[in-house]
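Chemist: Take a look at this one; I'll ask things after.
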Amino acid sequence: MNFGFVIDNRKCIGCHACTVACKAEHEVPVGVNRTWVKYIEKGTFPDTRRLFSVMRCNHCADAPCVEICPVTALFNRKDGIVDFDDRRCIGCKSCTQACPYDALYMHPAEETAAKCNYCTHRVDIGLEPACVNVCPEHAIVSGDMDNPNSEISRLLARETVSVRKPEKGTRPKLFYIDGDRASLDPTAANPDTDYMWSSQSSGVGHFAGTAGSRPATTQSGVNDSRDDRTNLLRRMAGSNSPRRVYDAPSKGVLWGWEVSAYVWTKAIAAGAFLVPVIGGYFMDVSFRMKQFGAWMAIIFLAITGILLIKDLGRPDRFLFVLLRPQWRSWLTRGAYIITGYGAVLTAWIVANYLARDGILIYLEPLGILLGLLAAVYTAFLFAQAKGRDFWQSPVLGLHMIIHALMAGLAVFLIGDLWVKPNLGITIVFAFLTSALIVINLITLIIELTTTHSTEDAHTVVTMITRGRFSYQFWLGMVLVGNLVPLLLLITGQSGSAAISGLLILIGLFIGERIWVRAPQLIPLS
Amino acid sequence: MSSHKPSFIESIAEKLRLIPNLHGGTDADLPPIVEPGELTNYPPPDKWDDWVEYEAKSGQRREKKSYMIVPTTCFNCEAGCGLLTYVDKETLNIRKFEGNPYHPGSRGRNCAKGPASINQINDTDRILYPLKRKGKRGGGDWEQVTWDEVLDDIAARIRVALQEDRRNEVVYHVGRPGHEGFMDRILQAWGVDGHNSHTNICSAGARFGYAIWQGYDRPSPDHANADFILLISAHLEAGHYFNPHAQRILEGMMNGAKLAVMDTRLSNTASMADYWMPTYPGSEAAVLLAMASIIIRERLYNENFLRDWVNWDDALPELQSQNRLRKRAASSTEKTMHESYESHEDKFSDFILELEKYYSEYTPEFAEAESGVPAATIIDVARRIGRARTRFSCHNWRSAGSGNLGGWAVARCLHFLSVLTGSVGTVGGTSPSAWNKFKPASYNTPPAQKFWNELHFPNEYPLAHYEMSFLLPHFLKEGRGKLAVYFTRVFNPVWTYPDGFSWIEALSDDTKIGLHIALTPTWNETAYFADYVLPMGMASERHDLTSYETHSGMWISYRQPVLREVARKMGRETTFTYETNPGEVWEEDEFWFELSWRIDPDGDLGIREHFISPYRPGEKITINEYYQYIFENTKGLPEAAAKEDLTPLDYMRKYGAFEVERAVYEKHMDLAPEAQLADAEIDAKHGKVNKNGKTLAVIVDGKARVGFNTPSRRQELFSPTTADWGWPEQAFPTYVKSHIHPEQLDASRNEIVLIPTFRLPTLIHTRSGNAKWLNEISNRNPLWMHTSDAEQWGIKTGDLVRISTEIGYFINRAWVTEGMRPRVVACSHHIGRWRREQDARNNRWSTNQVTIDEVEPGKWKMRVVEGIGAYKSDDPDTSRIFWTDGGVHQNITFPVHPDPISGMHCWHQKVTVEKAHPDDAYGDVFVDTEKSFAIYKEWLALTRPAPGPNGLRRPLWLGRPLRPVEEAFYINDEKK
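Same order as they appear, the protein sequences are chains Z and X. Take any residue in the first sequence, count from 1 to its spot, add 103: that is its number in the numbering used here. Take any residue in the second sequence, count from 1 to its spot, add 68: that is its number in the numbering used here.
Shown next as structure tokens:
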């Protein structure tokens, strides 16, 4: 059995009965939806048309949400439906990043993820989903695509159908008859705050009841204003740009400051141990230095852990990540990596205190391996987030390693005063830091100038380099975080090493913030 | 998720109690009701008394819940779609509403408002008890009272009014009826001409247009079988009967039918059309007549139907004389003129020729000039309609019929196309509504009242299709009468009607309105000015019978108080519905029975006798007996019930609906009853059967047929009635230039027309204001304007604009769009609700808090103090409100525009649109009621008052709600 949906746009009248029937069946909270209808207008009078587009989970055959969920709260059923178990969900919100279709929302009270689940509680007793029942036009067709005689199979066989974002490799199983690019491509007509009969002035879902979470409005990043004049000029120039005239409210940016902060603290935690321990193979690095590094690492690892747990919707369930592991998820793998790294650091500190050098010799390579993994795993996690094209970059992993090493070196540049390494090491560290800054800038240039494979990724680049993040990027990240420390290190001012280190850390912090936030501003539906 | 297999780590962790055990033994799975891989839509009725399903919110825990499923009927719009109510057997709460597959109209499906009914049931701001005002009327101070007190007080006042022969002072004013035939009985039992309604701000225009043709005032299009559909409406998103019609329009289209929509605005309906004809408002009749002219000229008409069923005999001389007067010529080259009129055959050809001449001025170019629709499109659509022949279905309900002076002409001209194509009553055509609507039998019919209430049907408007309800405040102001007892029932004129401040003035005056009783399910702006606010139930909390013309069949649907039915099934007897409803929410049916009983305790007023049970002589009728009688007398129902060993009443309790007829067509061809034809004279030449000067039947195909409900029993192309009652120039289908025709607008002052009537698929007037799932979708109503107009005014989307009407202004935000015709602006209905500080917190999903001040006598200013906002209540969703914009109230700034013929309020407004002034705030409203009174007088002067022929107030054959005895139709009893 293989259940799927057909949305027949030849018949859909955009009446929202499906939206409300689903709300009633599942008592979905106000502000979020498992299914909704987007309205797009295109054309110029009198050749104008309003398109209605039912948006919801596509029950993908290769669902990225299932892959990324660390605790198997999302899963594929044998009948092809992608269902979820809110008893398992820890509220990490990775699924909301993985889904390229904006299908998931966070329940405002439960703080667990939810989405259309094909009404499995009905399907299991032989009933159609609630939306299928209510639709006045029978425009939503459910059924078994493995059965050639079913209505859905016959429609799929005879009609031209399209899907949303086929290039993501998710193999969606929701097919639109008479789908239109203006509706299927979310950036063909960007979201707004005020629509033809609705408006949004505060948050929903995770942000329900808060004034925060301004809706994600994006243009190309170059011109952020909802300027009708611009639209008008574009129109007069002959581009009949479609316009989004009704949509469900924006759910906001779900991975907030906690996520970018923990990426930063984790980089420090990795680098602080990696630098002295790797360095120890090439130079005479004192135990005092390694001890400093190990303590800094474990402190920042602990902060990382606290931030990770704090960010969870259900921090009371944080143990699930380790105890209900879903091994394909890099969040699970990362959790084990961090746990292992923390264990190794703890063991190193204890062994060092007890002066068990024999053990230390075995712990250090282990610590290097786990430290590198700790630094880099987030890149793999972000890449699993198929909703964010910009993160699906091979250069991201390289970034993370470089950042970890830079962070570690920065810690030592600052901690120079306490650690008092010999002059040779100080010079080497300064040189290595400068080199890494240059490599960092080079990788940044490569990342931001290589033509990206999707428009969404390119839009993020524009946002960063020329749009709303441009000040933070050029001033904070490039100038303050890279160029100024580079200059200070090269000119070798005494006492400037600590300042360089501080600026590097600031630059890294700002950088992580931009990298985590910007891609989440691209609309997915 | 019983199939999830935990990993090794997880099972150990669960065993060690480190994490909750999600893999413990669960109950047995529920057995599916169909084969695996198949899915069905609804639980089978044999399981409705004990239906077990999984609770959706319990997720993988798969909690089982036991329900009793009880059918009822939706109470939101007039479509009366079926609903199945799921009652939790443990808590006796209603969990949800789904569609009722046994409802022949809605067929198990609903619009968004159907499932949202649960929001209205669970509204934490609901009125749960009868309330009586304390302090000044409108002061916002209320105390809870008992139903007994309420009934006794009101009954006493009505009794006094009847005894003192002030019968015209007792009035029932209804907004949404949602039932068939119930109130007429009540009012006639009391002996009052006390029925007032909202029809004249709704559909009176279109109704007149249809009624003057065929005596039936509404169409019933058979869209599912049509080849071409023309809508001057938005039936894919709103209107009577949106859901059932929308289903069938698309069915027709999927079977190959083409859809044309005339709408100034890009409605969702127009968006789905093959032809969007964005007419300038009020020009629709010109386009229709141009199409008629093409059909006539190109001989695409249905000759047989015209010959047999149009009163062309009467029309021909009138056409000839009018054509001579205007020197019209036929454009066809076929100039066969028959000088001799001996053969009837020849006369029909002459008729066609004269008809062609008469409509020769309505060229496609003329129609294009008036409407802006390209001539080529008009020609194309006309030809397709002609070729569709009997499978042409069409509909005008409100839209242009309700917006414009002479809007009734839109329906008149639209039906002309049905007549020309012979698609009246055919498969795929358009039938008169009454053929698809069931009239319930009554256990007792009180005699008609013997007098006429001129507050409802004043002499100035003899042809008004329903009551001149929206002129009531002005009539009261003029001293034409007063009201001792005034019921507003699911009716909110202060908000919905034009000129709401005149309503506030009238309602605030207790010398004009002695007692104001609001019967309503929710708070509303009119109830603020009542003396009693009486909560009446929603869809699952009341008894009603409905039947509507949704398609070619005929059905009845039963609305029942679901929890009362559940109680009955569980063995608990109840006497009144408020025993099982939330709080003491009651229902009208029982309320009226009780009230009527108490008005006449001794029976000396002759009222009690109409409330005696048909089954238990001498005893007061119960609500169950009332419906039992109706169902026992519904054709086919007793037989269907007997097949399942059920009484008719129990059958309806079980299924909620019944199909009386599967398909009804061409009832005009039914043979006239033999008894009627006895002693009648046959006029073979004109194909009529007459008796006592009245035509009883039409001879077609050699037999006497019942025909239509007109004096001639035919479709009246020429309307002698219109001619006889002062409007000879409009006796034929004609184009009437609207009051907002460009000639009436001063372009130099930037005057433009506002369309204020468009509706949303998710809301129903003001009754959905407490439905959270509907209001989170739709909550603001900006002013739609075309890009070119916005550019000219220097306005962008979101800018504040001031829209000035003839009597005031309102401040709104702009919505610039290509989905609007240039030189027209539009703003939607439903939105812009309000409450004052002293009013109960109500409808907080949709109401702004406002201040209202009478800054000078008659000059009213409203200002929004606080928009919509999140708040704490027992419903966690109220703290999740994410919008603040509650829209702007526009209707209150409109003066009344009574059409002199149909009595319809012409909604479209001549306005000026400009950027808001510096002191203007969003949501501001200003009105001068003295100006609105002056405009009422201006429109009153357009009328051509009664008496008509024979001293009549109104043509006898034109229907009238709550029809009095014939004597009452004569002014001053001057019956001749």
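The beta carbon of each residue, even a glycine, is placed where N, CA and C say it ideally should be. This one's a predicted model, so the numbers in the text were calculated from it and none came from an experiment.
How about F341/X and H291/X: do their beta carbons lie closer than 9 Å?
Modeler: By one-based count along the second sequence, residue 341/X stands at place 273. By one-based count along the second sequence, residue 291/X stands at place 223. Note that residue 341/X is Ala in the sequence shown here, rather than Phe. Taking 9 Å as the Cβ cut-off, A341/X and H291/X do not qualify as a contacting pair.
Chemist: Name, in chain order, the residues that DSSP records as bridge partners for V109/Z.
Modeler: To locate residue 109/Z, count along the first sequence from 1; it is residue 6. According to DSSP, V109/Z bridges with V244/Z and F278/Z.
Chemist: Could you run through the stretch 228–261 of chain Z and flag, in chain order, every residue whose CB is less than 9 Å away from some CB of chain X?
Modeler: Against chain X - using a Cβ distance shorter than 9 Å - the residues of the stretch 228–261 of chain Z are I228, G229, L230, E231, P232, A233, V235, N236, V237, C238, P239, E240, H241, A242, S245, G246, D247, D249, N250 and S253.
Chemist: In or out: T618/X buried (at least 16 other Cβ within 10 Å) or exposed?
Modeler: Position 550 of the second sequence, counting from 1, holds the residue named residue 618/X. The residue in question, T618/X, is buried, as its Cβ has 16 or more Cβ neighbours within 10 Å.
Chemist: Contact defined as beta carbons within less than 8 Å: I believe V562/X pairs with I572/X. What is the distance between those atoms, to the nearest angstrom?
Modeler: For the purposes of this step, residue 562/X is identified with residue 494 of the second sequence, where counting begins at 1. For the purposes of this step, residue 572/X is identified with residue 504 of the second sequence, where counting begins at 1. Sure, about 6 Å apart at Cβ, within 8 Å.
Chemist: Closest to G134/Z by CA distance: which of G500/Z, W433/Z, V307/Z and V531/Z is it?
Modeler: Against the first sequence, residue 134/Z aligns to sequence position 31. Out of G500/Z, W433/Z, V307/Z and V531/Z, V307/Z has the C-alpha closest to the C-alpha of G134/Z.
Chemist: Where I689/X and Q256/X are concerned, what is the direct C-alpha to C-alpha distance, given to the nearest angstrom?
Modeler: The sequence position of residue 689/X within the second sequence is 621, counting from 1. The sequence position of residue 256/X within the second sequence is 188, counting from 1. Cα to Cα, I689/X sits roughly 17 Å from Q256/X.
Chemist: For L336/Z, name the three-state secondary structure that DSSP assigns.
Modeler: By one-based count along the first sequence, residue 336/Z stands at place 233. Residue placement at L336/Z cannot be trusted, given a pLDDT of 44 that sits under 50; what the coordinates show is reported in the next sentence. L336/Z falls in the helix class under three-state DSSP.
Chemist: Quick one: using the 10 Å Cβ neighbour count with 16 as the cut-off for buried, is K1044/X buried or exposed?
Modeler: What you label residue 1044/X is simply residue 976 of the second sequence in a count that begins at 1. Caution is warranted here: a pLDDT of 37 is assigned to K1044/X, below 50, making its placement in the model unreliable, and the coordinate value is therefore given only provisionally. So K1044/X counts as exposed.
Chemist: Please confirm if E615/Z has its CB atom under 9 Å from at least one CB of chain X.
Modeler: On the first sequence, position 512 is the one that residue 615/Z refers to. Judged by the 9 Å Cβ criterion, E615/Z is not in contact with chain X.
Chemist: Does the Cβ-Cβ distance between C163/Z and P275/Z come in under 9 Å?
Modeler: The residue given as residue 163/Z occupies position 60 in the first sequence. The residue given as residue 275/Z occupies position 172 in the first sequence. Contact flag set, yes.
Chemist: Taking Q977/X as part of the beta strand (DSSP E), name the residues at either end of that continuous run.
Modeler: On the second sequence, residue 977/X is found 909 positions in, with the first residue counted as 1. Element bounds for Q977/X: Q977 to K983.
Chemist: Can you have a look at D205/Z and say buried or exposed, based on whether 16 or more other CB atoms are within 10 angstroms of its CB?
Modeler: Indexing the first sequence from 1 puts residue 205/Z at position 102. D205/Z should be labelled buried.
Chemist: Of the residues C142/X, P172/X and H171/X, which one's Cα is nearest the Cα of K164/X?
Modeler: Position 96 of the second sequence, counting from 1, holds the residue named residue 164/X. With distances taken between Cα atoms, K164/X lies closest to C142/X.
Chemist: Compare the C-beta of M853/X against all C-beta atoms of chain Z and say whether one is closer than 9 Å.
Modeler: As a first step, residue 853/X must be located in the second sequence, where it is residue number 785. Not an interface residue.
Chemist: Starting from W928/X, follow its DSSP beta bridges and name the residues at the other end.
Modeler: Reading the second sequence from its first residue, position 860 is the one you call residue 928/X. E922/X and V995/X.
Chemist: Please work out which residues of its chain come closer than 7 Å, Cβ to Cβ, to G671/X, disregarding the five sequence neighbours upstream and downstream, and give them in chain order.
Modeler: Here residue 671/X is taken as the residue at index 603 of the second sequence, counted from 1. E677, listed in sequence order.
Chemist: Using the C-alpha atoms, what's the distance from A242/Z back to H171/X?
Modeler: Position 103 of the second sequence, counted from the start, is the residue given in the question as residue 171/X. Position 139 of the first sequence, counted from the start, is the residue given in the question as residue 242/Z. The straight-line gap from Cα to Cα measures roughly 20 Å.
Chemist: Is the CB of E170/Z under 9 Å away from at least one CB in chain X?
Modeler: As a first step, residue 170/Z must be located in the first sequence, where it is residue number 67. Judged by the 9 Å Cβ criterion, E170/Z is not in contact with chain X.
Chemist: Going by alpha carbons, who is nearest to L613/X out of F276/X, I269/X and G724/X?
Modeler: The residue you call residue 613/X lines up with position 545 of the second sequence. Here the closest residue by C-alpha is G724/X.
Chemist: To the nearest whole angstrom, what separates the beta carbons of N455/Z and L463/Z, a pair I think is in contact under 8 Å?
Modeler: Within the first sequence, numbered from 1, the residue matching residue 455/Z stands at position 352. Within the first sequence, numbered from 1, the residue matching residue 463/Z stands at position 360. At roughly 6 Å, the Cβ-Cβ gap stays under 8 Å, so N455/Z and L463/Z are in contact.
Chemist: Residues in its own chain within less than 7 Å of Y427/X by CB, not counting five upstream and five downstream?
Modeler: Within the second sequence, residue 427/X is the residue found at index 359, counting from 1. Counting only Cβ-Cβ distances below 7 Å, and skipping sequence neighbours, we find L357, A360, S361 and I364.
Chemist: In the structure shown, what three-state DSSP assignment does I808/X receive?
Modeler: Locating residue 808/X in the second sequence gives position 740, counting from the first residue. If DSSP states are grouped into helix, strand and coil, I808/X belongs with coil.
Chemist: Going by DSSP, name the residue or residues bridged to H463/X.
Modeler: As a working mapping, residue 463/X is identified with position 395 in the second sequence. Partner(s): L299/X.
Chemist: In the DSSP output, what is G146/Z paired with across the bridge?
Modeler: Numbered from its first residue, the first sequence carries residue 146/Z at position 43. Per DSSP, T151/Z.
Chemist: Under a three-way DSSP split, which group does I863/X fall into?
Modeler: For the purposes of this step, residue 863/X is taken as residue 795 along the second sequence, with counting starting at 1. It is coil, neither helix nor strand.
Chemist: Quick one: is V102/X buried, meaning 16 or more other Cβ sit within 10 Å of its Cβ, or exposed?
Modeler: What you label residue 102/X is simply residue 34 of the second sequence in a count that begins at 1. Counting Cβ neighbours within 10 Å, V102/X comes out exposed, since fewer than 16 surround it.
Chemist: Give every residue of the same chain whose Cβ lies closer than 6 Å to the Cβ of K637/X, excluding the five residues on either side of it in the sequence, and list them in chain order.
Modeler: Numbered from its first residue, the second sequence carries residue 637/X at position 569. Excluding positions up to five away in sequence, the list is empty.
Chemist: Under the three-state reduction of DSSP, which class applies to C198/Z: helix, strand or coil?
Modeler: Residue mapping note: residue 198/Z aligns to position 95 of the first sequence, counting from 1. The answer is helix: DSSP assigns C198/Z an H, G or I state.
Chemist: Which chain Z residues are close to M322/X, counting only those with a beta carbon under 8 Å from its beta carbon?
Modeler: In the second sequence, counting from the first residue as 1, residue 322/X sits at position 254. Chain Z residues near M322/X: R113 and K114.
Chemist: Once DSSP output is grouped into helix, strand and coil, what is the label at P468/Z?
Modeler: By one-based count along the first sequence, residue 468/Z stands at place 365. Note: P468/Z maps to helix in three-state DSSP.
Chemist: For F278/Z, would you say it is in contact with chain X, using Cβ-to-Cβ distances shorter than 9 Å as the test?
Modeler: On the first sequence, position 175 is the one that residue 278/Z refers to. Not one chain X Cβ lies under 9 Å of F278/Z.
Chemist: Within the same chain, show all residues whose beta-carbon is closer than 7 Å to that of E874/X, passing over the 5 residues directly before and after it, in chain order.
Modeler: Against the second sequence, residue 874/X aligns to sequence position 806. Correct list, in chain order: P963, K978, K999 and I1003.
Chemist: Can a CB atom of chain Z be found closer than 9 Å to the CB of L828/X?
Modeler: As a working note, residue 828/X is residue 760 in the second sequence. It does: the Cβ of L828/X has a partner Cβ on chain Z nearer than 9 Å.
Chemist: With distances taken Cα to Cα, identify the nearest neighbour of K145/Z among S339/X, N649/X, T588/X and I767/X.
Modeler: Taking the first sequence and counting its residues from 1, one reaches residue 145/Z at position 42. Of the candidates S339/X, N649/X, T588/X and I767/X, the one whose C-alpha sits nearest the C-alpha of K145/Z is S339/X.
Chemist: Can a CB atom of chain X be found closer than 9 Å to the CB of A631/Z?
Modeler: Nothing in the structure corresponds to residue 631/Z, since chain Z is present only between 104 and 628.
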